[in-house]
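At position 194 of the sequence shown (counting the first as 1) the number is 194 in the UniProt record's numbering, and the numbers step up by one without a gap.
Glycine included, each C-beta is placed from N, C-alpha and C at the ideal position.
Remember, predicted model here, so these are calculated numbers, not experimental data.
In what follows, a single structure is set out as structure tokens and then discussed.
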Amino acid sequence: TKIQSVLGLLRIDEKKEIVTKLEQEMQMPSFWEDQERARKVSTQHESLKTQIDFWKGMYDEVISLMEFAKALDDAPDDLLAKEIEERGVSLEKTYASSEFYVLMDGKYDDHAAIVSLYAGSGGTEAQDWTEMLLRMITRFCEKKGWMVTLLDETRGTEAGIKSVMLRVEGSYVYGHLKSEQGTHRLVRISPFDAEGMRHTSFANIEVIPEIDHDELVIDPKDLRIDTFMSGGNGGQSVNTTYSAVRIVHIPTGITVSCQNEKSQQQNKIMAMRVLQSRLQLKKDEEEEKERQAIRGEVKAAEWGSQIRSYVLHPYKMVKDIRTRYEVSDPDAVLDGDLQGFVEAYLRWKKEKQVS
């Protein structure tokens with residue numbers, strides 16, 4: 001049946017093993033000593049348990065209907081036949097509405113995410129566009145009930161944002177937000193142009209999963225750690241302590257800054273967490289490239305490529321260049337209505353994997 005196939009795609013047996021391990025950890029007397037870890041484990045446990053219970057319930061309902069159908073063959077009964085039909089229709093609707101999660105079977109899809117936004121060239125125009133995208137992402141997260149934490153931010157001199165980094169926690173955050181990685185293009189009449197000319201602006205969004213790094217060891221000799229004062233608008237100092245932290249991984253050149261935690265130590269911990277996620281993801285990507293080379297596959301680089309166009313003038317449209325999915329209400333999209341784009345991306349990605 002479809003449900004049996006889904007159980008395999010969702011790796012339910014594997015998730016049951018993870019739940020068992022998480023429950024063992026939660027029962028340890030020292031569990032709440034590390035509250036950050038405890039909160040993450042509790043969230044992951046609840047999410048996985050909900051999935052397992054839901055799909056097990058679906059599977060049990062299928063078995064029940066099959067048994068009723070067999071009984072109906074042995075002894076026809078109009079009332080029983082009607083009940084089976086109604087329950088079958090209900091089951092089909094429930095499956096259709098939940099099939100979306102079948103598409104999120106990636107290695108890190110159920111993880112939290114680190115989301116970074118960067119203004120493209122174009123000064124105030126691009127920086128204002130970056131702030132609009134920040135609001136779009138934040139509103140989408142709010143509608144999902146996810147927790148958003150600001151980790152780092154560099155404001156524009158006049159308006160907007162040069163760069164910003166967020167941590168997003170919740171159910172299947174990375175699975176949803178990975179669709180947003182790439183370059184976003186805006187066409188509009190500029191509010192900063194006295195002549196009312198049409199402008200094109202670009203901003204880039206990077207989305208990486210927050211990864212547990214038990215097996216990833218970083219040599220302290222490979223790190224350069226700088227401290228500096230947190231910056232306000234235009235880079236002005238807003239406090240008198242050097243609480244902000246910048247960590248550079250010398251071999252790769254990967255740099256992470258964090259300034260919005262309460263202390264230098266907390267900023268350092270968070271910056272290390274983001275750095276480890278980026279290094280682990282880089283390692284995974286390199287291994288995948290090796291596998292593709294062995295199979296003789298050629299894959300175009302997606303980093304920095306334009307993924308979506310937002311046109312506010314002379315007409316209104318938002319179009320995803322990868323999936324061809326488009327809508328004519330950019331205001332709703334910029335207010336966080338991204339679900340259609342997310343689902344279209346996941347289906348497009350799955351089709352590419354199959355083909």
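To the nearest angstrom, how far is it from the Cα of residue i to the Cα of residue j?
i, j, result
"V238", "N267", "Note on V238: pLDDT 45, under 50, position unreliable in the model; the coordinate value appears next. When rounded, the distance between both Cα atoms is 16 Å."
"E286", "H184", "26 Å"
"I218", "L133", "33 Å"
"D78", "K70", "14 Å"
"E297", "G106", "Residue confidence is low: E297 scores 45 on pLDDT, short of 50, so the model does not pin down where it sits. No coordinate-derived value is stated."
"K16", "S328", "43 Å"
"T323", "L103", "15 Å"
"A300", "D331", "Low confidence applies here, because A300 scores a pLDDT of 43, under 50, leaving its location unreliable; read the following figure in that light. Rounded to the nearest angstrom, the two C-alpha atoms are 32 Å apart."
"Y242", "L216", "28 Å"
"T130", "M28", "44 Å"
"P76", "E86", "16 Å"
"T20", "E210", "22 Å"
"G304", "F341", "Interpretation of G304 is limited by its pLDDT of 49, a score under 50 that renders its predicted location unreliable; no figure is taken from the coordinates."
"E14", "F100", "20 Å"
"residue 420", "I208", "Residue coverage of the chain in this structure runs from 1 to 355, which leaves residue 420 outside it and unanswerable."
"S47", "D53", "10 Å"
"K289", "E180", "22 Å"
"E195", "Y325", "33 Å"
"I225", "V245", "7 Å"
"R347", "Q280", "26 Å"
"E351", "I137", "26 Å"
Looking at the strands, I want to know which residues DSSP matches up with residue i.
i, result
"H184", "A203, R308"
"I161", "R155"
"A113", "V168, P209"
"I189", "R198"
"E326", "K319"
Relative to the alpha-carbon of residue i, which residue among the options has its alpha-carbon at the smallest distance?
i, options, result
"V256", "Y242, S243, Q276, C141", "Q276"
"Y310", "R322, V333, G253, E288", "V333"
"F192", "T124, M136, T138", "T124"
"P220", "I250, S171, E131", "I250"
"V248", "A271, N260, M28", "A271"
"E36", "R273, S64, V115", "R273"
"L150", "F140, I137, R167", "R167"
"V187", "S116, S201, K352, A119", "S201"
"Q259", "T154, M26, D34", "T154"
What is the residue span of the beta strand (DSSP E) that residue i lies within?
i, result
"D60", "D60 -> not in any beta strand (DSSP E); alpha helix (DSSP H) instead, spanning 35-74."
"H249", "244-249"
"R224", "223-228"
"V256", "254-258"
Could you give the residue range of the alpha helix (DSSP H) that holds residue i?
i, result
"D13", "12-26"
"V318", "Unbroken run through V318 is the beta strand (DSSP E), 317-320; no alpha helix (DSSP H)."
"V217", "Where V217 is concerned, there is no enclosing alpha helix (DSSP H), given that its DSSP letter is neither H nor E."
"L177", "173-177"
Beta-carbon of residue i versus every beta-carbon of chain D: anything under 9 Å?
i, result
"Q264", "The structure shown has no chain D; it contains just one protein chain."
Item to check | Every unbroken alpha helix (DSSP H) within the region 119-153, with a cutoff of 4 residues, ordered by chain | outcome: 124-144
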